[in-house]
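There are 2 protein chains.
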Amino acid sequence: MDKTHVSIKDIASMAGVSIATVSRVLNKTGRYTKETEERVNAVMKATNYHPNLVARGLRVNRMNNIGIITPDITNEFFAKLVMELQTELFAAGYCSLICNTNENPDMERRHFSMLQSQNVAGIIYMAGSGTFESMTSKGAPTAYIDRVPDFALPENSVIVESDNFSGGMLATSLLLSKGCKDILLLSDKRRLSSQQNRINGYHESHSRAGAVVNTKLIRDLDSVSFGAAYSALGEAISLGIKFDGIFASTDWLAMGAYQAAKEHGLRIPEDVKLVGYDGISAALYNEKPITTICQNTLEIARATVEAVISFIQGKEIAEQRIKVPVALAERETT
Amino acid sequence: MDKTHVSIKDIASMAGVSIATVSRVLNKTGRYTKETEERVNAVMKATNYHPNLVARGLRVNRMNNIGIITPDITNEFFAKLVMELQTELFAAGYCSLICNTNENPDMERRHFSMLQSQNVAGIIYMAGSGTFESMTSKGAPTAYIDRVPDFALPENSVIVESDNFSGGMLATSLLLSKGCKDILLLSDKRRLSSQQNRINGYHESHSRAGAVVNTKLIRDLDSVSFGAAYSALGEAISLGIKFDGIFASTDWLAMGAYQAAKEHGLRIPEDVKLVGYDGISAALYNEKPITTICQNTLEIARATVEAVISFIQGKEIAEQRIKVPVALAERETT
DNA sequence: TAAACTCGTGTAAACGATTTCTCGAGAGGC
DNA sequence: GCCTCTCGAGAAATCGTTTACACGAGTTTA
Chain S
1 MDKTHVSIKD
11 IASMAGVSIA
21 TVSRVLNKTG
31 RYTKETEERV
41 NAVMKATNYH
51 PNLVARGLRV
61 NRMNNIGIIT
71 PDITNEFFAK
81 LVMELQTELF
91 AAGYCSLICN
101 TNENPDMERR
111 HFSMLQSQNV
121 AGIIYMAGSG
131 TFESMTSKGA
141 PTAYIDRVPD
151 FALPENSVIV
161 ESDNFSGGML
171 ATSLLLSKGC
181 KDILLLSDKR
191 RLSSQQNRIN
201 GYHESHSRAG
211 AVVNTKLIRD
221 LDSVSFGAAY
231 SALGEAISLG
241 IKFDGIFAST
251 DWLAMGAYQA
261 AKEHGLRIPE
271 DVKLVGYDGI
281 SAALYNEKPI
291 TTICQNTLEI
301 ARATVEAVIS
311 FIQGKEIAEQ
321 RIKVPVALAE
331 RETT
Chain A
1001 MDKTHVSIKD
1011 IASMAGVSIA
1021 TVSRVLNKTG
1031 RYTKETEERV
1041 NAVMKATNYH
1051 PNLVARGLRV
1061 NRMNNIGIIT
1071 PDITNEFFAK
1081 LVMELQTELF
1091 AAGYCSLICN
1101 TNENPDMERR
1111 HFSMLQSQNV
1121 AGIIYMAGSG
1131 TFESMTSKGA
1141 PTAYIDRVPD
1151 FALPENSVIV
1161 ESDNFSGGML
1171 ATSLLLSKGC
1181 KDILLLSDKR
1191 RLSSQQNRIN
1201 GYHESHSRAG
1211 AVVNTKLIRD
1221 LDSVSFGAAY
1231 SALGEAISLG
1241 IKFDGIFAST
1251 DWLAMGAYQA
1261 AKEHGLRIPE
1271 DVKLVGYDGI
1281 SAALYNEKPI
1291 TTICQNTLEI
1301 ARATVEAVIS
1311 FIQGKEIAEQ
1321 RIKVPVALAE
1331 RETT
């Protein structure tokens, strides 16, 4: 039948009009009669015509694609975020190019460059290392989720983040109010902004309660994985550090801490109370469901997509820095 | 400086050659002197030139992109698969367009159509509903992972799947060898090929052991989630169905079954032995790590990408149906 | 030594859309 | 009746590449 693909030219000749008219019908830009419109549409339906987005992209110098850069899609938190971004974007007519970087800055750079070459309409840069600032200035609008870059923001960009400071306070205050005196803080040793803000909240809660923090309680881990927390907790115990509460800055850290505590004969919540962060399902389905700070991924996704689309359409946005509230989910570890 | 983007034309004039020559240097197709090559490359480096992939895509009528259709990226199993596919593809020079369908056939169809419009070089169709066969015939090469479609395969396509039959046998035989007489089987009521093959393995193991299956033991669930297994197990117990072993056809089902069993006072593994399927980390970090059948996602991804790239390059592939071995990970629930 | 290649390079035609002109016809105002 | 406006439609330029073809000059072959 059709050797490759039916093009606008075929539609034009079959409908007895020029390609310009077909294009106008396609984009509903007016300047045609109802009768022509119907005829063209009929032909398009009959031939199962779909416009070639690549050709359009070349002409208008922009693909209706959004690049999403994520550090680790196997982490349920990011996976949920990606899924929700993708759903929102697709509904708005955009397709998502998803790039997994494995927390590797070089991969970030390469994907960034590839996305530019692909002429994407926008870039959503999730939890990036924030270590390089190339290419952002004159390219596609960019949204930074969850971690704030350490360079000056370009014009057409936005930061969307959970209210990590409040989250850190919520978690810490809960533990303090339950009578904890020494709260171990498990955090990533790279002081990414999201982590740093949770730490700031931890400090703020202490000072508001008139409590002092023993700096030994703040443990810097190599990663935010189950294993990192598992061994860090063992180490803290063997160092003789005393604690009766744990604030783990991610749920996977909380899971690892839970397991290590259990193996060392510490009862949760009787001996030690535990709070995680993120709200992933693994924490909910833990032996004892873990109290955690839930991030509102849906709201983050919505705000991000809305901002990016505004930029694409040349509109102004109200805030260049959007904060999304978090919620405490108290469960059985406190 | 540069108002939009430096194009091949700019490079040509700056290097004092024609655009054809620049293009040849770019694609290393020969027909130029070493001296010209160096000059052109120097200019490209100096101007930070990156070829416009959209323009190239239009010209050669194909983007170096691969569409990946996945039912649920928040499921760690699919997330891992996607991540590994993406890594392999990127290394081979392809970018991934990832589409999440939420197990919704209509979404599958829409994403499929969008991918065609994007002129992708290939499509990887993961765990699809397999309910429609449009568009596959003359379009981009397609790989079906994990679930076999129920229509005749088009020429340029391949099926990659875990050896689900062996997996089903491995799980069942283990339970039988541990003395289980009545093995509850938790499976998705949609008889997708991957699930069906595990069920076949379940039956085969029984018949080889000379055991008969009580058909009441085969429970059809609405989904493969924690909650579905949780309530199904409660239901089975309240129906008075006796069992001393459970084969859950996914790890999330196993997690739900574990929880339900525990709440009903059934001890695992003393009263009931439990085997899951997939090998996700949540099963490993369960209160008692769950024995499971691990799928080799890395191998699946490799085989898939290799086959798809072969098709793109017009090569033949050895097998149109590739089976990847599974492995038993025996842990504390058996 | 003429014919036939090879080599480096340039010219120009695609690829499939959008978009700016241009133009004729009919309508309306004076 | 003439001028102007609007409206539907087409012709053609354009986006940034790739690539078929052309073309001299140098090199080989018979």
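As given, the protein sequences belong to chains S and A, one line each in that order. Residue numbers are given in our numbering: position 6 of the first sequence equals residue 6, and the series is strictly consecutive. Residue numbers are given in our numbering: position 170 of the second sequence equals residue 1170, and the series is strictly consecutive. Idealized CB from N, CA, C, for every residue including glycine. None of these values were measured; they are calculated from a predicted model.
Quiz item: So what does I1268 of chain A bridge to, in DSSP terms?
Solution: Your numbering for residue 1268 of chain A matches position 268 in the second sequence. Answer is none; I1268 of chain A lacks a bridge partner.
Quiz item: Quick one: does M114 of chain S have its CB under 7 Å from some CB of chain A?
Solution: As a working mapping, residue 114 of chain S is identified with position 114 in the first sequence. Closer than 7 Å to some Cβ of chain A, the Cβ of M114 of chain S qualifies, so yes.
Exercise. Identify each residue in the segment 1082-1106 of chain A for which the Cβ-Cβ distance to at least one residue of chain S is less than 9 Å, and report them in chain order.
Key: V1082, M1083, Q1086, T1087, F1090, C1095, S1096, L1097, I1098, C1099, N1100, N1102
Quiz item: For the putative contact between S1166 of chain A and V1326 of chain A, defined by C-beta atoms under 8 Å, what is the C-beta separation to the nearest angstrom?
Solution: What you label residue 1166 of chain A is simply residue 166 of the second sequence in a count that begins at 1. What you label residue 1326 of chain A is simply residue 326 of the second sequence in a count that begins at 1. At roughly 6 Å, the Cβ-Cβ gap stays under 8 Å, so S1166 of chain A and V1326 of chain A are in contact.
Quiz item: Does S1137 of chain A get closer than 7 Å to chain S when you measure Cβ to Cβ?
Solution: Here residue 1137 of chain A corresponds to residue number 137 of the second sequence, with the count starting at 1. Model confidence at S1137 of chain A stands at a pLDDT of 48, short of 50, so the residue's coordinates are unreliable; what they give is reported in the following sentence. No, because no Cβ of chain S sits closer than 7 Å to the Cβ of S1137 of chain A.
Practice problem: Using 10 angstroms around the beta-carbon of V212 of chain S, count the other beta-carbons present and answer buried if the total reaches 16, otherwise exposed. | Solution: As a first step, residue 212 of chain S must be located in the first sequence, where it is residue number 212. With fewer than 16 Cβ atoms within 10 Å of its Cβ, V212 of chain S is classed as exposed.
Quiz item: Can you give the beta carbon distance from D335 of chain S to K323 of chain S, rounded, assuming they're within the 8 Å contact cut?
Solution: No answer is possible for residue 335 of chain S: it lies beyond the span of chain S, which begins at 1 and ends at 334.
Self-check item: Whole-Å CB distance - T1291 of chain A paired with E1330 of chain A, under 8 Å assumed
Solution: Taking the second sequence and counting its residues from 1, the one referred to as residue 1291 of chain A is at position 291. Taking the second sequence and counting its residues from 1, the one referred to as residue 1330 of chain A is at position 330. Right, the Cβ-Cβ distance comes to about 5 Å (below 8 Å), so this counts as a contact.
Quiz prompt | Length of the line joining the Cα atoms of I1098 of chain A and K1080 of chain A | solution = In the second sequence, residue 1098 of chain A corresponds to position 98, counting from 1. In the second sequence, residue 1080 of chain A corresponds to position 80, counting from 1. Answer to the nearest angstrom: the Cα atoms are 13 Å apart.
Quiz prompt | According to DSSP, residues forming a beta bridge with S1166 of chain A | solution = What you label residue 1166 of chain A is simply residue 166 of the second sequence in a count that begins at 1. In DSSP, S1166 of chain A forms no bridge with anything.
Exercise. Within the same chain, show all residues whose beta-carbon is closer than 7 Å to that of L1089 of chain A, passing over the 5 residues directly before and after it, in chain order.
Key: Your numbering for residue 1089 of chain A matches position 89 in the second sequence. So the qualifying residues of the chain are I1066, S1096, V1305.
Practice problem: Pick out whichever of A:A1228, A:Y1230, A:F1243 has its Cα sitting closest to the Cα of T1215 of chain A. | Solution: Numbered from its first residue, the second sequence carries residue 1215 of chain A at position 215. Here the closest residue by C-alpha is A:F1243.
Quiz item: Can a CB atom of chain S be found closer than 7 Å to the CB of Q1196 of chain A?
Solution: Here residue 1196 of chain A refers to the residue found at position 196 of the second sequence. Not one chain S Cβ lies under 7 Å of Q1196 of chain A.
Quiz item: Taking DSSP as the reference, what is the three-state secondary structure of E1332 of chain A?
Solution: Position 332 of the second sequence holds residue 1332 of chain A. Of the three classes helix, strand and coil, the one that applies to E1332 of chain A here is coil, per DSSP.
Exercise. Within its chain, find whatever has a CB closer than 8 Å to the CB of M1135 of chain A; leave out the 5 residues flanking it on each side and keep chain order.
Key: Here residue 1135 of chain A refers to the residue found at position 135 when the second sequence is read from its first residue. The pLDDT assigned to M1135 of chain A is 49, lower than 50, so where the model puts this residue is not dependable, and the model offers no usable value.
Quiz item: Of the choices S:M255, S:V224, S:R219, whose alpha-carbon is the least far from that of L239 of chain S?
Solution: Counted from its first residue, the first sequence places residue 239 of chain S at position 239. It is S:R219 whose Cα lies nearest to the Cα of L239 of chain S.
Quiz prompt | Partner residues on chain A for H50 of chain S, Cβ-Cβ distance less than 9 Å | solution = Reading the first sequence from its first residue, position 50 is the one you call residue 50 of chain S. What H50 of chain S touches in chain A: S1113, M1114, Q1116, S1117.
Self-check item: Under 7 Å by beta carbon: chain S residues contacting K1080 of chain A
Solution: Position 80 of the second sequence holds residue 1080 of chain A. Correct list: T74.
Exercise. Check whether the Cβ atoms of L1274 of chain A and I1293 of chain A lie closer than 7 Å to each other.
Key: Residue 1274 of chain A sits at position 274 when you count from the first residue of the second sequence. Residue 1293 of chain A sits at position 293 when you count from the first residue of the second sequence. No, the pair does not count as a contact, with Cβ atoms beyond the cut-off.
Quiz item: Looking at L221 of chain S and D188 of chain S, is the spacing between their C-beta atoms short of 7 Å?
Solution: Within the first sequence, the letter at position 188 stands for residue 188 of chain S. Within the first sequence, the letter at position 221 stands for residue 221 of chain S. A contact, by the Cβ cut-off of 7 Å.
Quiz item: Do the segment 1194-1201 of chain A and the segment 1253-1270 of chain A touch if we need at least three Cβ pairs shorter than 8 Å?
Solution: no
Practice problem: Give every residue of the same chain whose Cβ lies closer than 8 Å to the Cβ of V224 of chain S, excluding the five residues on either side of it in the sequence, and list them in chain order. | Solution: Working through the first sequence from its first residue, we reach residue 224 of chain S at position 224. D188, S249, T250, W252, L253, listed in sequence order.
Quiz item: So A1092 of chain A and I1309 of chain A are in contact, right, with Cβ under 8 Å, and what is the actual spacing, rounded?
Solution: Counting from 1 along the second sequence, the entry for residue 1092 of chain A is found at position 92. Counting from 1 along the second sequence, the entry for residue 1309 of chain A is found at position 309. With 8 Å as the limit, A1092 of chain A and I1309 of chain A qualify as a contact, their Cβ atoms being about 6 Å apart.
Quiz item: When the cut-off is 7 Å and only beta carbons count, does E1287 of chain A lie next to chain S?
Solution: Looking up residue 1287 of chain A in the second sequence gives position 287. Yes, E1287 of chain A counts as interfacial toward chain S.
Self-check item: Inter-residue Cα distance where the pair is L186 of chain S and A282 of chain S
Solution: Locating residue 186 of chain S in the first sequence gives position 186, where the first residue counts as 1. Locating residue 282 of chain S in the first sequence gives position 282, where the first residue counts as 1. Taking the straight line joining both Cα atoms gives about 18 Å.
Quiz prompt | Bridge partners - G245 of chain S, DSSP secondary structure assignment | solution = Within the first sequence, the letter at position 245 stands for residue 245 of chain S. Paired residue(s): S:I183, S:K273.
Self-check item: Where N1156 of chain A falls, given that 16 or more other Cβ within 10 Å makes a residue buried
Solution: In the second sequence, the residue the question calls residue 1156 of chain A occupies position 156. Buried, because 16 or more other Cβ atoms sit within 10 Å of the Cβ of N1156 of chain A.
Quiz item: Since L153 of chain S and D182 of chain S are thought to touch, with beta carbons under 8 Å apart, how far apart are those beta carbons, to the nearest angstrom?
Solution: Your numbering for residue 153 of chain S matches position 153 in the first sequence. Your numbering for residue 182 of chain S matches position 182 in the first sequence. That belief does not hold up - the Cβ atoms of L153 of chain S and D182 of chain S are roughly 39 Å apart, past 8 Å.
Practice problem: Specify, as a first and last residue, the run of the alpha helix (DSSP H) that D1150 of chain A falls within. | Solution: Counting from one through the second sequence, the residue named residue 1150 of chain A turns up at place 150. No alpha helix (DSSP H) contains D1150 of chain A, which DSSP labels as neither H nor E.
Quiz item: Among all the DSSP beta bridges, which residues are the ones paired with K323 of chain S?
Solution: Within the first sequence, residue 323 of chain S is the residue found at index 323, counting from 1. BP columns for K323 of chain S point to S:E161.
Quiz prompt | Residue environment, S1013 of chain A, which counts as buried when at least 16 other CB atoms sit within 10 Å | solution = Reading the second sequence from its first residue, position 13 is the one you call residue 1013 of chain A. Under this definition S1013 of chain A is an exposed residue.
Practice problem: Compare the C-alpha of M107 of chain S against each of S:V120, S:A140, S:Q86, S:T70 and name the closest. | Solution: To locate residue 107 of chain S, count along the first sequence from 1; it is residue 107. Ranking S:V120, S:A140, S:Q86, S:T70 by Cα distance to M107 of chain S puts S:T70 first.
Quiz item: What is the residue span of the beta strand (DSSP E) that Y1125 of chain A lies within?
Solution: For the purposes of this step, residue 1125 of chain A is taken as residue 125 along the second sequence, with counting starting at 1. Unbroken beta strand (DSSP E) run through Y1125 of chain A: 1122-1126.
Self-check item: Bridge partner(s) assigned by DSSP for R219 of chain S
Solution: Here the question's residue 219 of chain S lines up with position 219 in the first sequence. According to DSSP, which records beta bridges pairwise, R219 of chain S is partnered with S:L186.
Quiz item: What residue from A:T1033, A:A1046, A:P1269, A:E1332 has the CA that sits closest to G1179 of chain A's CA?
Solution: As a first step, residue 1179 of chain A must be located in the second sequence, where it is residue number 179. Measuring from the Cα of G1179 of chain A, the nearest candidate turns out to be A:P1269.
Practice problem: Thinking G1314 of chain A and V54 of chain S are a contact (beta carbons under 8 Å), I'd like their distance in whole angstroms, please. | Solution: Counting from 1 along the second sequence, the entry for residue 1314 of chain A is found at position 314. Counting from 1 along the first sequence, the entry for residue 54 of chain S is found at position 54. With 8 Å as the limit, G1314 of chain A and V54 of chain S do not qualify as a contact, their Cβ atoms being about 21 Å apart.
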